[in-house]
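In the numbering used here, each residue's number is its place in the sequence shown (first place is 1) plus 6. We treat Cβ as the ideally placed atom computed from N, Cα and C, and that holds for glycine. Please read the structure below before turning to the comments.
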Amino acid sequence: MRPSFLLRWAGVTLAGIVLMLPAPARAKPGVKVGQGPHRYEWVEGWPKLPPGMNVGQTHGDVVIDSKDRVFFSVDTGNALFMADPEGRILRVFGQDLAAGIHGMRLVKEANGREVIWLAHLGRHEVIKISLTGETLLTIPFPDRRGIYRTAEEYRPTAVDVAPNGDVYVVDGYGRYWLHRFDNEGNYVQSWNGSEGQAGPFREPHGVGIDLRGATPQVVVADRANHRLQRFALDGTYLGQVEEGLRRPSKIVARGRDLLVVDLEGRVTLFDESYRVTAHLGDNSNPELRGKYAVPPAEWRPGEFNAPHGAAWDSQGNLYVAEWNAYGRINKLLRKPAEPAAPR
């Protein structure tokens, strides 16, 4: 699922690297997606790349800092791009992190510092970095007897951090466990879903800390089982969600909303009771859902092909990274809710 070819740009030099790939098709402006309070406009031509330039293949994630700067990962020589809300590229970095960033989470720590947590497939570890790319902490594979024989069996796909600083990591491409560490990277516990009524995980691709209720919950995107599983922070099973899901891949909570990125061609929003409130960008062609090799000529404005990661900015605008051989990053501009129809 992660072929590698080098980032090439023609006639443009950025961070000392020259690249070239076909530019993505230009989306028609003004395409609307969503309904009710969840209405968005598909933004044309985001990010704003010079002609003839593309980011390369994407199989990663996107996060946004307090200044609404957008960080997205790519599977190329420079692993991380930073852009402003208008899509202008501000920085390209992360050569030492190339070929393997899969899941990301931006966290504001108790001291006010913003950091990015990375689940790295190629390194078989989780890494905390500064916003400039400095490595601050590395958590290696959990050397637990009975789970792993070697580090290569551990392929973490997502990470999130609880309010107390504990770090939760899902091994979505490896042995299908969830691991908990403290804020210094010390191992705390593991579980694999078999402890609850729903049964074992199958490809637990995403994990998110849901703070919308009275107590935080750990929500796992149990992708191959087409469901979410919910747990207390200590691993106690709380329930599962199956409504409206195809292949859930990432979980992001904001305000009263829970966003689930679904690899099968859409993004779904849930309320605090885990009821579906909206589907965004649902691909009308089942043959394109969840497909990696869809070329730019077949991208349709207002429809996702294989959404893989997502984040909201401070204004409620949505950025979605896709699993795509040519590199597709989308911006959806939040629009006011439609007025209620007169009675």
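(request) Give the straight-line distance between the Cα atoms of T274 and T221, rounded to the nearest whole angstrom. (result) 23 Å
(request) Determine the direct distance from the alpha carbon of G219 to that of Y119, and round the result to whole angstroms. (result) Looking at the sequence itself, residue 119 is Arg, so the reference to Tyr does not match. Their backbone Cα atoms lie some 26 Å apart in a straight line.
(message) Could you compute how far the alpha carbon of V326 sits from the alpha carbon of V68?
(response) Spanning the two alpha carbons is a distance of roughly 7 Å.
(request) For S79, count neighbouring C-beta atoms within 10 Å of its own C-beta (all shown protein chains included) and say buried if the count is 16 or more, exposed if not. (result) buried
(message) How far does the beta strand (DSSP E) with S79 in it extend, from its first residue to its last?
(response) That run of the beta strand (DSSP E) goes 76-79.
(message) Tell me whether the stretch 149-161 and the stretch 78-92 touch, counting them as touching only if at least three CB pairs, one residue from each stretch, are closer than 8 Å.
(response) no
(request) Assign D172 to one of three DSSP states: helix, strand, or coil. (result) coil
(request) Consult DSSP for A164 and reduce its assignment to one of helix, strand or coil. (result) strand
(request) Give the secondary structure of R229 by DSSP, where H, G and I count as helix, E and B as strand, and everything else as coil. (result) helix
(request) With W329 as the anchor, note down where its beta strand (DSSP E) starts and where it stops. (result) From DSSP, W329 is part of no beta strand (DSSP E); its letter is neither H nor E.
(request) Name, in chain order, the residues that DSSP records as bridge partners for S196. (result) H185
(message) Please state whether the Cβ-Cβ distance between H108 and P162 is less than 9 Å.
(response) yes
(message) Runs of 3 residues minimum, wholly inside the stretch 40-109: which ones carry the beta strand (DSSP E) assignment?
(response) 44-48, 68-70, 76-79, 86-89, 95-99
(message) Considering only their Cβ atoms, is the gap separating L112 from A317 smaller than 9 Å?
(response) yes
(request) Give a yes or no on whether the C-beta atoms belonging to H314 and L269 are separated by under 9 Å. (result) yes
(request) Go ahead and label P28 buried or exposed: buried means 16 or more other beta carbons lie within 10 angstroms of its beta carbon, across all protein chains shown. (result) Reliability of the predicted coordinates at P28 is poor, the pLDDT of 44 falling under 50, and no value is obtained from them.
(request) Please state if the CB of G245 and the CB of W197 are separated by a distance shorter than 9 Å. (result) no
(request) Measure the Cβ-Cβ separation of D74 and D319 and say whether it is below 9 Å. (result) yes
(request) Measure the C-alpha to C-alpha separation of G205 and A230 and round it to an integer number of angstroms. (result) 12 Å
(message) Less than 6 Å between C-beta atoms, sequence neighbours within five positions excluded: which residues of the same chain meet that for V76?
(response) I70, A89, Y325
(request) In the DSSP assignment, find the unbroken beta strand (DSSP E) run with I135 in it and report its ends. (result) 131-136
(request) Inspect the beta-carbon positions of E159 and G180 and report whether they are closer than 9 Å. (result) Less than 9 Å separates the beta-carbon of E159 from that of G180.
(request) Would you mind sorting D149 into buried or exposed? The rule is 16 or more other CB atoms within 10 Å of its CB. (result) exposed
(request) Indicate whether at least one CB of chain B lies closer than 9 Å to the CB of E249. (result) Looking at the structure shown, chain B is missing, and only one protein chain is on hand.
(request) If I'm right that L184 touches V213 with Cβ under 8 Å, what's the distance once you round it to whole angstroms? (result) 7 Å
(message) Rounded to the nearest angstrom, what separates Q235 and R208 at their Cα positions?
(response) Rounded to the nearest angstrom, the two C-alpha atoms are 11 Å apart.
(request) Would you list, in sequence order, the uninterrupted beta strand (DSSP E) runs of no fewer than 3 residues that lie entirely inside the stretch 247-320? (result) Counting only runs that start and end inside the stretch 247-320, the beta strand (DSSP E) elements of at least 3 residues fall at 254-260, 263-268, 272-276, 282-286, 313-318.
(request) Check whether the Cβ atoms of V225 and E249 lie closer than 9 Å to each other. (result) no
(request) Grab me the residues of Y298's own chain with a C-beta within less than 6 Å of its C-beta, minus the 5 sequence neighbours each way, in chain order. (result) Within the same chain, Y298 has close Cβ partners W329, A331.
(request) Measure the CB-CB distance between R45 and K341 and report whether it falls below 9 Å. (result) yes
(request) Pick helix, strand or coil for E115, following the three-state DSSP scheme. (result) In the structure shown, E115 adopts coil according to DSSP, grouped into three states.
(message) Between which residues of its own chain and L124 is the CB-CB distance below 6 Å, once the five residues before and five after are set aside?
(response) I107, M110, I133
(message) Among P56, V300, V121, R253, whose alpha-carbon lies nearest the alpha-carbon of N189?
(response) V121
(message) When you compare the CB positions of D228 and G271, do they come within less than 9 Å of one another, or not?
(response) no
(request) Rounded to whole angstroms, what's the CA-CA distance from G66 to G83? Just pull it up for me. (result) 14 Å
(message) With distance defined between alpha-carbon atoms, name the residue in R334, D288, S279, G322 nearest to A303.
(response) R334
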